[in-house]
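*Asks:* Note that full-length UniProt numbering numbers the sequence shown so that position 383 is 383, with each residue one more than the last.
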Amino acid sequence: MVEVAAERAKQLSSRVSEAGAGWACPQVGTFTQLRPDRRGFSWLNLRTLWRSRNEVLAGLFGDPSGQVRAQWVEAQEARGIDPEFRIKAPAGGNFSFLLLGDTGEGDASQYAVVPGMLKVGQGTSFAVIASDVVYPTGSGNEYEDKFFRPYKDYDAPIYAIPGNHDWYDGLGGFMRVFCDARLKPKPDRGLRGLLWRRPEPIDDARLAKARELRGRPSQQAEQPGPYWVIESDSLLIVGVDTGIRNTIDKGQTAWLRRVSLDPRPKVLVTGKPIYTANAYKPSPLEEGGTIDDIVRDPAHRYVAAIGGDVHNYQRYPVKVGDRVIQYIVSGGGGAFMHATHTIQRVDVAGVHEDDFRCYPLRGDSLSFYSQLYATRLRMKWLYLTPAEAACVMSEHVRNQPVRTPEGTVALTRRMRWAARLLGGWPWPFRLPVDRVFHRYLSELSDWDTPPFFKQLMHVTVTPDELTLRCYAATGCLGQELDPPLEDEVRISLG
Numbered sequence: 001m002v003e004v005a006a007e008r009a010k011q012l013s014s015r016v017s018e019a020g021a022g023w024a025c026p027q028v029g030t031f032t033q034l035r036p037d038r039r040g041f042s043w044l045n046l047r048t049l050w051r052s053r054n055e056v057l058a059g060l061f062g063d064p065s066g067q068v069r070a071q072w073v074e075a076q077e078a079r080g081i082d083p084e085f086r087i088k089a090p091a092g093g094n095f096s097f098l099l100l101g102d103t104g105e106g107d108a109s110q111y112a113v114v115p116g117m118l119k120v121g122q123g124t125s126f127a128v129i130a131s132d133v134v135y136p137t138g139s140g141n142e143y144e145d146k147f148f149r150p151y152k153d154y155d156a157p158i159y160a161i162p163g164n165h166d167w168y169d170g171l172g173g174f175m176r177v178f179c180d181a182r183l184k185p186k187p188d189r190g191l192r193g194l195l196w197r198r199p200e201p202i203d204d205a206r207l208a209k210a211r212e213l214r215g216r217p218s219q220q221a222e223q224p225g226p227y228w229v230i231e232s233d234s235l236l237i238v239g240v241d242t243g244i245r246n247t248i249d250k251g252q253t254a255w256l257r258r259v260s261l262d263p264r265p266k267v268l269v270t271g272k273p274i275y276t277a278n279a280y281k282p283s284p285l286e287e288g289g290t291i292d293d294i295v296r297d298p299a300h301r302y303v304a305a306i307g308g309d310v311h312n313y314q315r316y317p318v319k320v321g322d323r324v325i326q327y328i329v330s331g332g333g334g335a336f337m338h339a340t341h342t343i344q345r346v347d348v349a350g351v352h353e354d355d356f357r358c359y360p361l362r363g364d365s366l367s368f369y370s371q372l373y374a375t376r377l378r379m380k381w382l383y384l385t386p387a388e389a390a391c392v393m394s395e396h397v398r399n400q401p402v403r404t405p406e407g408t409v410a411l412t413r414r415m416r417w418a419a420r421l422l423g424g425w426p427w428p429f430r431l432p433v434d435r436v437f438h439r440y441l442s443e444l445s446d447w448d449t450p451p452f453f454k455q456l457m458h459v460t461v462t463p464d465e466l467t468l469r470c471y472a473a474t475g476c477l478g479q480e481l482d483p484p485l486e487d488e489v490r491i492s493l494g
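#1: What residue does the beta strand (DSSP E) around residue 311 start on, and which one ends it?
#2: Near residue 108, which residues of its chain fall below 6 Å by C-beta distance, leaving aside the five closest residues on each side in sequence?
#3: Counting Cβ pairs, one atom from each stretch, are 3 or more of them under 8 Å apart for the stretch 359 to 376 and the stretch 409 to 426?
#4: Taking its Cβ as the centre, do 16 or more other Cβ atoms sit within 10 Å of residue 256, making it buried, or is it exposed?
#5: Just the Cα atoms here: how many angstroms apart are residue 167 and residue 66?
#6: Who are the Cβ neighbours of residue 104 in its own chain at under 7 Å, not counting the five residues just before and after it?
#7: Can you check which of these residues, 296, 482, 188, 314, is closest to residue 323 by C-alpha distance?
#8: Can you list, in chain order, the residues of its chain with a C-beta nearer than 6 Å to that of residue 383? Leave out the 5 residues immediately preceding and following it.
#9: Return the chain-ordered list of same chain residues with a C-beta closer than 6 Å to the C-beta of residue 228, the five sequence neighbours on each side being excluded.
#10: Go through its chain and collect everything with a Cβ distance to residue 22's Cβ below 8 Å, but skip five positions before and after it.
#11: Looking at the structure shown, is residue 403 part of a helix, part of a strand, or coil, going by DSSP?
#12: Can you tell me the Cα-Cα spacing of residue 347 and residue 278, whole angstroms?
#13: In the DSSP assignment, what are the bridge partners of residue 231?
#14: Just mark residue 310 as buried or exposed, buried being the case when its beta carbon has 16 or more other beta carbons within 10 Å.
#15: So which of 210, 234, 81, 142 has the shortest CA-CA distance to residue 301?
#16: Per DSSP, residue 126 forms a beta bridge with which residues?
#17: Once the 5 residues before and after residue 321 are set aside, which same chain residues still bring their CB inside 7 Å of it?
#18: For residue 339, which residues of its own chain have a beta-carbon under 7 Å away from its beta-carbon, when the five flanking residues on both sides are left out?
#19: In three-state terms, what does DSSP make of residue 395?
#20: Quick check on the burial criterion: 16 or more other C-beta atoms within 10 angstroms. Buried or exposed for residue 261?
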């Protein structure tokens, strides 16, 4: 039954038709009824910028996440948690789970994922959130509408690893919600210590009321710390906390090395992807080397590494010795979409362009941003239809369009100039579409109407095989009822 549904879902995807991408949306989905209000946040706000200052301080004076994390771990160990940070999930030899990344904006793009998540997630044993549970600054007082309310009907535990935004609160909100932990961090010396934002006070009554939204016994999950390992008979799911600046501290590294010696196959879930945008960006270890050194060691039996932080989906099947490790970006769980059309022809680590997968497709990404800027700047000539954008990107990347355009498309000078200005081709003068820009002006790239180009992953585990599936969430009613399957890969665990 699952395989039949998956085959049907493939035929509904953006890889098959423009309608599958959400460009034809005759009826908006039910997610609009789930949102509590239309309030959002803006980076163009001095209070928000001040509350997110830990990112800037970590860049200027060094990232203290490792030291603060060690304090949290020490406090948890004093409470008597398992020193190996193991989670005994309600899963046997055969089970499935969901994985979402970068979820917590609390706006339409987050709630648009929920109906498909509930449909795809029927019968799953648990869910994992990879990075940035709550935007913009990780406050424990903002979890009601950005975590408890959207997932109130998901009838299984949810575990999480923090992202850099969760660290803007010194990890206080994250640790209170997921670990029921409190900590008054030891004072840091110097200017960084003077300015560093520590966990803000949490309204206990407000949090207790929020917890009632996910109050059923089947939904309860208490994890041991900001990093952990979920154990099952067939697979270990290893969650790693990358802090603000993407460095793994000594204590966490030592734990990771111990966990990795377990003979069972493993999937790494990390706050930062190892491969993204045709580049290799492994998290450095404080003691030297990178996290990928651990992943690639054949004795450790990692079969996949999945990271959040980047708000789209990408998959790189990298050949390592005589095996293939699937390196995946899965950060399209709720926050505004990061462009994929800026990804050049893929050749990193020997991965061929034809073996690379992304969602949204490059052409859909370019078409969306062309529409966004054509509207905001009142420059109609910038707009590229999905078919035009697909052909422009195919010419640049030098591949066949993933989706066959409807009708004949004649490329023009206008189309090529629009693509250059929107970052589809390397060009020194282009409109802002990169992630640095989004750090402060994300609202210029945010929208509340379909298509959203969001995604989630469904993972099926048996003793012999791991199946990873990427499902789309466009915000259209038809794709809430039948979530499109954008990618699927099967991995032998033998």
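Even for Gly, the Cβ is constructed at its ideal location relative to N, Cα and C.
Quantities reported herein were computed from a predicted structural model and do not represent experimental measurements.
*Replies:* Quick answer:
#1: Secondary structure note for residue 311: it is in no beta strand (DSSP E), with a DSSP letter that is neither H nor E.
#2: Excluding residues up to 5 positions away in sequence, 448 lie with their Cβ nearer than 6 Å to the Cβ of residue 108 in the same chain.
#3: Yes, the stretch 359 to 376 touches the stretch 409 to 426.
#4: Flag for residue 256 reads buried.
#5: Approximately 11 Å between the Cα atoms of the pair.
#6: In chain order, 110, 132, 133, 134, 135, 146, 147, 334 place their CB closer than 7 Å to the CB of residue 104, counting only its own chain and leaving out the 5 sequence neighbours on each side.
#7: Here the closest residue by C-alpha is 296.
#8: Cβ neighbours of residue 383 beyond the five flanking positions: 370, 371, 374.
#9: Closer than 6 Å at the Cβ level, and outside the excluded window around residue 228, lie 85, 87, 239.
#10: If we look at residue 22 and ignore the five residues flanking it on each side, its Cβ neighbours are 14, 450, 451, 452, 453, 472, 474, 475, 476, 479.
#11: Residue 403 falls in the coil class under three-state DSSP.
#12: In a straight line, the C-alpha of residue 347 is about 7 Å away from that of residue 278.
#13: As a beta-bridge residue in DSSP terms, residue 231 pairs with 88, 236.
#14: By the neighbour-count criterion, in which 16 or more other beta carbons inside 10 Å mark a residue as buried, residue 310 falls on the buried side.
#15: Among 210, 234, 81, 142, the Cα nearest to that of residue 301 is on 234.
#16: According to DSSP, residue 126 bridges with 97.
#17: These residues qualify, in order along the chain: 298.
#18: Cβ neighbours of residue 339 beyond the five flanking positions: 365, 369, 423, 433.
#19: Reduced to three states, the DSSP call for residue 395 is helix.
#20: Burial call: exposed.
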